[in-house]
């Protein structure tokens, strides 16, 4: 899993059947220190995350099967909304 | 499996129901390793009671779930062990292409030995 920040939502009219009705979030992965990277990930929301939330994103088909369902066409899934994190021992 | 150091904890009240009892750690890999993104960190579940500052072995993917004893946990990384001691040869680290996902010779492992 990685930490990231939800920076927006995404909608598409023409999309694969596996994405119909799924809430897609634009997520910028962060470094552990909370700095944003220049990467961008489109993840399907397994909870009720929204723009501004810091989230935990897991990757993989098994994770997808267990959370949002095997019919979803995305392997990046939001599995947690971060309340806080503590960094020490760097 | 990868070698890393625990640098922090994460709290998340709203999370997948199967994760409610999991302890989540932030781990900084000792090598430049890219599971999916160049974020230089991982969030991993912890069953072995690792603490901040510990060097740990982190397993990624399906074996991580198997090691948790529950293949129905929606996680992709788990701390499998706390490192007591590492032996290494500096010259062996210089070889290019040390393995998949490693983009250059391992860095930062000197810090492990201090």
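Chains as they are written, first to last, in the working numbering: chain W, 154 to 243; chain A, 11 to 124.
All residues carry an ideal CB built from backbone N, CA and C; glycine is no exception.
Contact check for residue 38 (chain A) against residue 19 (chain A) fails: the beta carbons are separated by 8 Å or more. Sequence-distant Cβ neighbours of residue 225 (chain W) in its own chain, meaning closer than 8 Å and more than five residues away, are 171, 172, 175, 197 and 217. Going by DSSP, residue 73 (chain A) is part of the alpha helix (DSSP H) stretching over 72-77. Per DSSP, residue 55 (chain A) is one residue of the beta strand (DSSP E) stretching across 52-56. Remark: C-beta atoms of residue 35 (chain A) and residue 60 (chain A) approach each other more closely than 8 Å. In the three-state scheme derived from DSSP, where H, G and I count as helix and E and B as strand, residue 157 (chain W) is classed as strand. When secondary structure is reduced to three states using DSSP, residue 90 (chain A) falls in the strand class. Under the three-state reduction of DSSP output, residue 237 (chain W) falls in the strand class. Here the alpha carbons of residue 85 (chain A) and residue 227 (chain W) stand approximately 15 Å from one another. Close partners of residue 71 (chain A) in chain W (Cβ separation under 7 Å): 213.
The secondary-structure analysis by DSSP pairs residue 174 (chain W) with nothing; it has no beta-bridge partner.
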